[in-house]
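Remember, our numbering sits 8 above the position in the sequence shown when you count from 1. Inspection log for the structure reproduced underneath, given as structure tokens.
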Amino acid sequence: MAAKLQSSDSDELVENHEINVTPFIDVILVLLIIFMVAAPLSTVDVKVDLPASNAAVQPRPDTPVYLTVKSDLMLALGNDDVARSALGAELARVTEGKKDTRIFLRADKTVAYGDLMEVMNLLRAAGYLKIALVGLESVAGAAPASDAAPASDAAPASETSPGSAAP
9 MAAKLQSSDS
19 DELVENHEIN
29 VTPFIDVILV
39 LLIIFMVAAP
49 LSTVDVKVDL
59 PASNAAVQPR
69 PDTPVYLTVK
79 SDLMLALGND
89 DVARSALGAE
99 LARVTEGKKD
109 TRIFLRADKT
119 VAYGDLMEVM
129 NLLRAAGYLK
139 IALVGLESVA
149 GAAPASDAAP
159 ASDAAPASET
169 SPGSAAP
């Protein structure tokens, strides 16, 4: 509580009802300096011209079509193994010939990028351009999933990069 020290005939001090804004301004200036210093540090220095996206979240289909690339580079459509040469025919059978069906592509961690691109090229050659890459959802602070656990026992998969595989 602030008081004025004025000469008056009484011994009581009169209360000052004005707000002292000096500490408030000091705090605001300190926060301003902190944000001015921290803002450039939080940006990425890699210059990339990213395209804009206005895609809405797509609902997951009732029966998604999963194509899996195993660690030994064998392909599995759903739960059944499929030869690379018969991939187009098996996809046409499963999707009933609908080329606009989204294919959810899963791959083992040990599969090389080049091998995954070969499978994506097979899908493109078969006419399937809607490819979604599937990964495990990670929870912040949680331990990574063990490599020995089969994919069916792991956490639910989610699309990490939905979109077309065509370059």
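The beta-carbon is built from N, C-alpha and C at its ideal position, and this holds for glycine as well.
Cβ-Cβ distances below 7 Å link Lys-107 to Gly-135 and Tyr-136 in the same chain, with the five nearest sequence neighbours on each side left out; the list follows chain order.
Around the beta carbon of Leu-40, fewer than 16 other beta carbons lie within 10 angstroms, which makes this residue exposed. Per DSSP, reduced to three states, the secondary structure at Gly-96 is helical. The shortest C-alpha to C-alpha distance from Lys-78 to any of Arg-110, Asp-123, Val-102 and Gly-105 is the one to Asp-123.
Cβ-Cβ separation between Leu-99 and Ala-140: approximately 14 Å, too far for a contact (criterion under 8 Å). Across the set Leu-81, Leu-83 and Val-102, the C-alpha of Val-102 shows the shortest separation from the C-alpha of Thr-71. In this structure, the beta-carbon distance from Met-82 to Asp-89 falls below 8 Å. Glu-23 sits in a strand when the DSSP states are folded into three classes. For Tyr-74, the closest alpha carbon among the candidates Asp-80, Ile-111 and Leu-95 is that of Ile-111. Judged by DSSP in its simplified three-state form, Ala-115 adopts strand. Inclusion of Lys-138 and Thr-118 in the CB contact set at 8 Å is not warranted, their separation being larger than that value.
Using a Cβ distance threshold of 8 Å, Arg-92 and Leu-49 do not count as a contacting pair.
A straight-line Cα-Cα distance of about 26 Å links Tyr-121 and Arg-68. Collapsing the DSSP output to three states places Thr-30 in a helix. Going by DSSP, Asp-89 is part of the beta strand (DSSP E) stretching over 88 to 90.
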